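To start, the structure itself, in structure tokens.
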Amino acid sequence: MKWFNIIIFLVFIGSYSKVFAQTDDMQLAAQYAANGEQQKALEIYQKLYKQSNENYFSPYIKCLLSLKKFNEAESISQKMIRKHPDNSEYVITLGSIYTQNGNGDKASQLYDGLIKNLPADQMAFTNVANQFYQNSNIDYSIKTLEQGRKVLKNDNLFSFELLTLYRYKGDKVALSEEYLNFLPANPAYVAQAENILSGIYEGEADYNMLKTALFKRIQKNPDQPIYVDLLIWQYLQQKDFDQALNQALALNRRNNDSGNNIYELCQTLVNNEAYDEAIRGYQFLIDKGKDGQFYVAAKVELINAKSLKITSGKYTHDDLAGLEKDYQDLLTEFGKGTNTAFAMHKLATLQAFKLHKWADAQKLLEEVISIPGVRPDLLATCKLDLGDIYLINGNQWDATLLYSQVEKDFPNTDVGQDAKFRNAKLGYYTGDFDWSKRQLNVLKAATSQLIANDALNLSLLITDNLAADSSGAALKVYARADLLIFAEEPEKAVKTLDSIDTKFPNNALTDDILMAKARILIQQKKYTDAIPLLKKIVETHPTNLWADDAVFMLGDIYENQLADKAQAKMYYQKIITDYPGSLWINEARKRFRTIRGDQPAS
Numbered sequence: 156m157k158w159f160n161i162i163i164f165l166v167f168i169g170s171y172s173k174v175f176a177q178t179d180d181m182q183l184a185a186q187y188a189a190n191g192e193q194q195k196a197l198e199i200y201q202k203l204y205k206q207s208n209e210n211y212f213s214p215y216i217k218c219l220l221s222l223k224k225f226n227e228a229e230s231i232s233q234k235m236i237r238k239h240p241d242n243s244e245y246v247i248t249l250g251s252i253y254t255q256n257g258n259g260d261k262a263s264q265l266y267d268g269l270i271k272n273l274p275a276d277q278m279a280f281t282n283v284a285n286q287f288y289q290n291s292n293i294d295y296s297i298k299t300l301e302q303g304r305k306v307l308k309n310d311n312l313f314s315f316e317l318l319t320l321y322r323y324k325g326d327k328v329a330l331s332e333e334y335l336n337f338l339p340a341n342p343a344y345v346a347q348a349e350n351i352l353s354g355i356y357e358g359e360a361d362y363n364m365l366k367t368a369l370f371k372r373i374q375k376n377p378d379q380p381i382y383v384d385l386l387i388w389q390y391l392q393q394k395d396f397d398q399a400l401n402q403a404l405a406l407n408r409r410n411n412d413s414g415n416n417i418y419e420l421c422q423t424l425v426n427n428e429a430y431d432e433a434i435r436g437y438q439f440l441i442d443k444g445k446d447g448q449f450y451v452a453a454k455v456e457l458i459n460a461k462s463l464k465i466t467s468g469k470y471t472h473d474d475l476a477g478l479e480k481d482y483q484d485l486l487t488e489f490g491k492g493t494n495t496a497f498a499m500h501k502l503a504t505l506q507a508f509k510l511h512k513w514a515d516a517q518k519l520l521e522e523v524i525s526i527p528g529v530r531p532d533l534l535a536t537c538k539l540d541l542g543d544i545y546l547i548n549g550n551q552w553d554a555t556l557l558y559s560q561v562e563k564d565f566p567n568t569d570v571g572q573d574a575k576f577r578n579a580k581l582g583y584y585t586g587d588f589d590w591s592k593r594q595l596n597v598l599k600a601a602t603s604q605l606i607a608n609d610a611l612n613l614s615l616l617i618t619d620n621l622a623a624d625s626s627g628a629a630l631k632v633y634a635r636a637d638l639l640i641f642a643e644e645p646e647k648a649v650k651t652l653d654s655i656d657t658k659f660p661n662n663a664l665t666d667d668i669l670m671a672k673a674r675i676l677i678q679q680k681k682y683t684d685a686i687p688l689l690k691k692i693v694e695t696h697p698t699n700l701w702a703d704d705a706v707f708m709l710g711d712i713y714e715n716q717l718a719d720k721a722q723a724k725m726y727y728q729k730i731i732t733d734y735p736g737s738l739w740i741n742e743a744r745k746r747f748r749t750i751r752g753d754q755p756a757s
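Position in the sequence shown (from 1) plus 155 gives the number in our numbering.
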């Protein structure tokens with residue numbers, strides 16, 4: 156027994172040593188292959204294959220193919236097929252050898268025979284499809300699964316696998332059709348489908364292809380809402396907002412539901428600045444009656460949509476009057492209180508800055524401030540806006556009192572810093588430049604980057620012009636014009652700006668006046684008229700205060716208003732190269748890279 160145990164031990168040690176030796180050989184062969192020494196690698200793989208052919212079949216075949224020894228690879232694969240006739244892996248390997256040797260037809264015959272003879276078993280088709288996929292043969296992986304559906308008589312099988320393969324292959328038509336088959340029974344995947352399709356579609360032709368496919372499906376199955384939802388999404392991608400809403404309204408009328416989809420769509424329309432369509436959608440929900448689930452919310456959002464339309468510059472005087480009436484009707488229906496304080500605030504800002512009904516706006520904001528329980532943030536906003544109205548009406552003391560209250564109530568916050576900045580601007584507007592500068596110097600370190608930037612610019616404006624004219628006489632007139640721009644009284648502002656050169660020849664405000672006039676034109680949405688003024692600043696005052704602002708504004712106008720990406724890119728590039736210390740440098744760099752098509756960092 157003792158001798159027997161010793162023999163067993165020696166056999167074990169021998170086997171163990173053999174395994175270690177094979178592992179070392181495999182590592183050495185892999186190293187040779189990586190270094191391009193394929194013949195040395197082949198000699199090792201050949202030795203290992205003879206010792207244990209099944210374990211080393213794959214790397215041995217791969218090495219043979221790299222040396223274009225197709226006949227030897229074919230012979231070995233055929234031997235393995237004869238030895239393991241039920242193992243499809245060897246058949247697929249042989250087909251791959253044929254393909255690499257230029258015998259594609261022979262490979263196809265082999266693959267087709269393999270698929271044709273698979274048993275009516277779902278797992279068998281799945282395994283073969285996976286083997287094709289692992290051999291980078293996407294077409295036959297797809298063909299295997301499609302054959303599986305036919306054999307098993309179930310068109311719902313393998314949906315996830317086919318969706319993945321179609322997407323990997325970039326087959327937009329097949330991917331779209333597969334999703335249209337899949338989604339009715341799996342509506343939870345609609346958002347995923349929309350995300351994937353938007354990533355693979357490249358333009359209008361792709362979306363039109365989807366639209367055509369959807370129309371065919373809707374004709375066959377008009378009661379399937381998932382197809383209408385996808386059609387609405389398709390219209391949104393093509394910016395055809397009117398048709399998107401029409402489809403949603405038709406679906407709602409057919410189903411007579413609460414209108415949740417309409418409400419959500421309207422929010423999307425607002426986000427896309429499709430205000431007229433959003434207004435039409437909200438009005439549809441209101442017309443459902445006071446008992447409708449979205450009656451109150453739709454009323455509020457309709458007014459907000461109209462307000463956004465107006466502030467975007469796409470309005471007429473009748474729009475202003477209509478919006479004012481909407482707010483007043485809302486307050487008549489629901490009363491004035493904490494729940495409608497937001498509407499009172501919106502109405503007041505409309506009356507003040509668009510209709511110039513300063514007295515009405517002041518009275519309304521004073522009412523809001525007196526209502527107990529108004530949200531602190533809304534209360535602060537109302538106080539700041541009321542302060543602005545006091546300032547414009549010449550009541551500077553009342554204005555600074557309100558600004559100071561907000562600053563005290565919201566220390567070390569964006570709202571508090573905004574209040575401090577408005578106090579500093581009050582000093583600037585009224586000609587108290589020294590006091591204004593002291594406030595602005597503190598605000599240069601504000602946590603709000605926007606306020607810090609504005610404070611720095613205003614401080615430099617005051618400093619530069621007082622250095623040229625210590626009395627600040629011309630700057631006081633310019634500040635009055637600035638206040639008129641803030642009050643949205645452009646005609647008066649332009650007249651005041653034009654008077655500066657007449658009253659104070661050779662003043663130092665040339666580029667400031669150009670920038671102020673450009674801001675007025677942008678406020679009026681007259682972008683093409685603003686461009687020459689901004690270009691003049693860049694050309695004639697390239698080192699002055701507003702130069703980098705003018706360059707960035709030109710880039711922004713060309714990108715977002717005139718859709719001229721090439722010009723926008725040029726101006727963003729100019730910020731990067733000519734003004735590396737600009738406050739706009741990071742934003743300009745980001746926009747430049749986006750236009751250039753850089754992929755975001757993962």
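C-beta: ideal position from N, C-alpha, C; glycine also.
Please read all numbers here as calculations on a predicted model, not as lab measurements.
Query: Can you tell me whether Gly468 is buried or exposed, with buried defined as 16 or more other CB within 10 angstroms of its CB?; Result: exposed
Query: Nearest-angstrom Cα distance between Glu694 and Arg322?; Result: 51 Å
Query: Let me make sure I understand the geometry here. Which of Met278, Ser626, Leu463 has the alpha-carbon closest to that of Gly313?; Result: According to the sequence displayed, residue 313 carries Phe and not Gly. When each option's Cα is compared against that of Phe313, the closest is Met278.
Query: Taking the alpha carbon of Gln483 as the point to measure from, which residue in Thr555, Trp701, Ala503 has its own alpha carbon closest?; Result: Ala503
Query: What are the complete beta strand (DSSP E) segments, minimum 3 residues, inside the stretch 497-528?; Result: none
Query: For Arg744, which of helix, strand or coil comes out of DSSP?; Result: helix
Query: So, does the stretch 222-237 touch the stretch 262-282, judging by three or more C-beta pairs under 8 Å?; Result: no
Query: Whose CA, out of Gly492, Ile355, Val345, Asp378, lies closest to the CA of Ala329?; Result: Ile355
Query: DSSP on Gly571, reduced to helix/strand/coil?; Result: helix
Query: Within the chosen definition, does the stretch 719-726 reach the stretch 640-657 through at least 3 CB pairs nearer than 8 Å?; Result: no
Query: Any idea what DSSP makes of Tyr211, helix, strand or coil?; Result: coil
Query: In this structure, does DSSP put Trp739 in helix, strand or coil?; Result: coil
Query: Is Gly710 buried or exposed, if buried means 16 or more other CB atoms sit within 10 Å of its CB?; Result: buried
Query: Less than 8 Å between the beta carbons of Ser251 and Gln286, yes or no?; Result: no
Query: Figure out for me which residue from Pro531, Phe497, Phe489, Leu546 has the closest Cα to the Cα of Ala514.; Result: Leu546
Query: Residues in the same chain with beta-carbon distance under 7 Å from Ala176, minus the five sequence neighbours each way, listed in chain order, please.; Result: Bear in mind that the predicted position of Ala176 carries a pLDDT of just 45, short of 50, making it unreliable; the figure below should be weighed with that in mind. Taken in chain order, the list of residues that qualify is empty.
Query: Buried or exposed: Arg751, going by 16 or more other Cβ atoms within 10 Å of its Cβ?; Result: exposed
Query: Specify whether the stretch 336-353 and the stretch 393-401 touch according to this definition: at least 3 beta carbon pairs, one from each stretch, less than 8 Å apart.; Result: no
Query: Would you please state the rounded distance, in angstroms, between the beta carbons of Arg744 and Ile731? I believe it to be under 8 Å.; Result: 6 Å
Query: Runs of 4 residues minimum, wholly inside the stretch 430-467: which ones carry the alpha helix (DSSP H) assignment?; Result: 430-442, 450-466
Query: I'd like the span of the alpha helix (DSSP H) that includes Glu428, first residue to last.; Result: Glu428 -> no alpha helix (DSSP H), and no H or E assigned at all.
Query: DSSP three-state label for Gly492, please.; Result: coil
Query: Go ahead and pull the three-state DSSP assignment for Tyr362.; Result: helix
Query: Unbroken alpha helix (DSSP H) runs of length 4 or more, entirely within the stretch 578-612: which are they?; Result: 588-598
Query: For Lys512, verify whether its CB is less than 7 Å away from any heavy atom of the ligand COA.; Result: As for the ligand COA, it is missing from this structure, which has no ligand bound.
Query: Please list, in chain order, all residues of the same chain as Gln679 whose beta carbon is under 8 Å from its beta carbon, the five residues on each side excluded.; Result: Gly468, Pro645
Query: Can the beta-carbon of Val383 be found less than 8 Å from the beta-carbon of Leu406?; Result: yes
Query: Pair every Cβ in the stretch 682-696 with every Cβ in the stretch 663-674, then say whether three or more of these pairs are closer than 8 Å.; Result: yes
Query: Leaving out five residues before and five after Ile465 in sequence, what residues of the same chain have Cβ atoms less than 8 Å from its Cβ?; Result: Asp474, Leu475, Leu478, Leu505, Lys509
Query: Assuming the contact rule is C-beta atoms closer than 8 Å, Ala574 and Gln594 should be a hit. Round their C-beta distance to whole Å, please.; Result: Not quite, the Cβ-Cβ distance comes to about 11 Å (not below 8 Å), so this is no contact.
Query: My assumption, with CB atoms under 8 Å, is that Thr254 sits in contact with Ser232. Please give the rounded CB distance.; Result: Rounded, the Cβ-Cβ distance is 13 Å, inconsistent with contact.
Query: What's the gap between the Cα of Asp637 and the Cα of Met708?; Result: 18 Å
Query: So, using beta-carbon positions, are Leu300 and Leu317 closer together than 8 Å?; Result: yes
Query: Would you give the residue range spanned by the alpha helix (DSSP H) that Tyr382 belongs to?; Result: 380-392
Query: Could you spell out the range, first to last residue, of the alpha helix (DSSP H) harbouring Lys563?; Result: 551-564
Query: Apart from the five residues on each side of it in sequence, which residues of its chain come closer than 6 Å, Cβ to Cβ, to Ala663?; Result: Asn620, Ala623
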